[in-house]
Amino acid sequence: MKLILSRKGFDSAHGGCPSPIINGQLCSLPIPDAGAPASYKKISPFNGSAIAQIVEDLTSGRVRRGDGAHLDPDLRRNAIARATGWRPIFGQAGAAQSHLARHKIGCGDLFLFFGCFRRAEQIAGAFRFVRDAPKLHVIFGWLQVGTVAQATNGLVTEMPWADGHPHLAAPERYANNTLYFASRRLSSIGLATSGAGTFDRIKPDLILTKPDSNCSVWQLPRWFAPCGRPALSYHSKAARWTDCETSTRLQSVGRGQEFVLDVEQYPEARGWVRAIFRAAKR
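The sequence shown begins at 168 in our numbering and counts up by one.
This is the structure:
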């Protein structure tokens, strides 16, 4: 089994700001995409508030409600109107997909999606970020791979319920275009829960960022440090890892989307992931 820490959603490069944490709940915003079939105004509300308004307010109008939204990973059934038989999907392409292919990501492997978040509030009807609230890298969702397929026009004929995913809107616009379909259940780590979904509320166990540190400085269990084992991909330089007695500090890379860990080399990862799910349900 492989564990993939997958960076997704709004940040300074895509969208221009973090995704918001509103009243303790994680609202991961899909990045802008002019070619996507769904717009922000078509995405279902977040706790009664329109996603379109949240996006417009937090970007000061740089991203508009009618702009295309790259709804990927697509994890929530009620995010937009669905055809019968819909299942969660994650699409990847280009160099990031080549990285996943080199690591032979396939059936049974587990994506943990994380993004840049910051606390926000609604004042006088408008959303804004809380002054001095830090940016945090937070795990917001998961997908255990059930099947993998190349994204083609023919795939929509085979799986009409997948129509509307941004990687299928015009498959040829992506190089190495690949789709990962969720398994029915989260079997790889022995949990009786859905094969894909989102964590609704922020919990300490979901936060990767080290307290009082830059967003990209992570605090992880000590066993994450390579110590002779193959490192989390893109993080093989020893200088990135610092032992902190009860944890390890990682200076995560500024670029890159998919960070792969071989769970056969790091069996401790199974217990860590199970603990994340237990904490998220409390």
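Where a beta carbon is used, it is the ideal one built from N, C-alpha and C, also for glycine. Nothing here was measured: the structure is a model prediction, and the numbers come from that model.
(1) When you compare only the Cα positions, how much space is there between glycine 183 and glycine 176?
(2) Going by DSSP, what residue range makes up the alpha helix (DSSP H) through serine 173?
(3) Report all residues from its chain with a CB closer than 6 Å to the CB of glycine 362; omit the five preceding and five following residues, and keep chain order.
(4) When the distance is taken between beta carbons, is alanine 246 closer than 8 Å to serine 211?
(5) When you compare only the Cα positions, how much space is there between asparagine 190 and arginine 285?
(6) Fully enclosed by the stretch 192 to 245, which alpha helix (DSSP H) runs are 4 residues long or longer?
(7) Report the three-state DSSP secondary structure of glycine 182 (helix, strand or coil).
(8) Would you decide whether cysteine 382 is buried or exposed? Buried here means 16 or more other CB atoms lie within 10 Å of its CB.
(9) Going by the beta-carbon positions, is the gap between proline 333 and aspartate 239 smaller than 8 Å?
(10) Taking only three categories from DSSP, how would you classify serine 265?
(11) Given a cut-off of 8 Å, decide if cysteine 194 and proline 187 are closer than it, judged by their beta-carbon atoms.
(12) With DSSP as the reference, identify every bridge partner of histidine 304, one or two as the case may be.
(13) Quick one: what's got a C-beta closer than 7 Å to phenylalanine 366's C-beta in the same chain, skipping five residues either side?
(14) Taking a contact to mean a Cβ-Cβ separation below 8 Å, would you say alanine 318 touches glycine 258 in this structure?
(15) Is arginine 298 near the ligand PLP, judged by its Cβ being under 7 Å from some heavy atom?
(16) Compare the beta carbon distance of valine 323 and tyrosine 347 with 8 Å and say whether it is the shorter of the two.
(17) List the endpoints of the continuous beta strand (DSSP E) containing phenylalanine 257.
(18) Can you find at least 3 beta carbon pairs, one from the stretch 211 to 225 and one from the stretch 289 to 307, that sit closer than 8 Å?
(19) Does DSSP put arginine 298 in a helix, a strand or coil?
(20) May I have the straight-line CA-CA distance separating glutamine 418 from valine 384, to the nearest angstrom?
(21) List the whole-angstrom C-beta distance separating glycine 261 from alanine 342, where the pair is believed to meet the contact cut-off of C-beta under 8 Å.
(22) Is it buried or exposed for asparagine 214, if we count other Cβ within 10 angstroms and need 16 for buried?
(23) Can you check the stretch 391 to 432 for any beta strand (DSSP E) of at least 3 residues that lies completely inside it and give the ranges in chain order?
(24) Is DSSP giving leucine 353 helix, strand or coil here?
(25) What three-state label does DSSP hand phenylalanine 444 in the structure shown?
(26) With DSSP as the reference, identify every bridge partner of leucine 373, one or two as the case may be.
(27) Taking the CB atoms as reference points, tell me whether arginine 437 and serine 414 lie closer together than 8 Å.
(28) What residues match up with arginine 368 in a beta bridge as DSSP calls it?
Reading it off the structure:
(1) 11 Å
(2) Per DSSP, serine 173 belongs to no alpha helix (DSSP H); it is in the beta strand (DSSP E), 169 to 174.
(3) Gln311, Ala349, Ser350, Arg351, Arg352 and Leu353
(4) yes
(5) 11 Å
(6) 218 to 225
(7) strand
(8) buried
(9) yes
(10) helix
(11) yes
(12) Cys283
(13) Leu193, Ile306, Phe307, Gly308, Leu373 and Ala447
(14) yes
(15) Questions concerning the ligand PLP fall outside what the structure shown contains, since it holds no ligand whatsoever.
(16) no
(17) 256 to 259
(18) yes
(19) coil
(20) 5 Å
(21) 5 Å
(22) exposed
(23) 408 to 410, 415 to 418 and 425 to 429
(24) coil
(25) helix
(26) Answer by DSSP bridge pairing: none, since leucine 373 is not bridged.
(27) no
(28) Gln192
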